[in-house]
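In this note's numbering, the protein residues as written are 15 to 106. Ideal Cβ placement from N, Cα and C applies to all residues, glycine included. For reference, the structure discussed in these notes is given below.
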């Protein structure tokens, strides 16, 4: 499967910005999703549930924009950081 698109956080858009984004996506054949839809339906569904490969140019930065929370890493990863991307305990 191959799909291209954009996602947005509806809580951060100014009036009219969603219409601009949707028009751009429509013009370029892109899927337009909320960040929640992308996180659940794409990232976690394909990347975690189905074991797909996640490729990113700067994945820690990218995931930080998708995460619902962040925290300090523990144990062997001490000094690092972790991101929570789902409230579902069966997912990471």
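Sequence-distant Cβ neighbours of residue 96 in its own chain, meaning closer than 6 Å and more than five residues away, are 85 and 87. DSSP, reduced to helix, strand and coil, places residue 52 within a helical segment of the structure shown. Under DSSP, residue 47 shares a beta bridge with 21. The three-state secondary structure of residue 85, taken from DSSP, is strand. Annotation: residue 59 to residue 27 spans about 26 Å, alpha carbon to alpha carbon.
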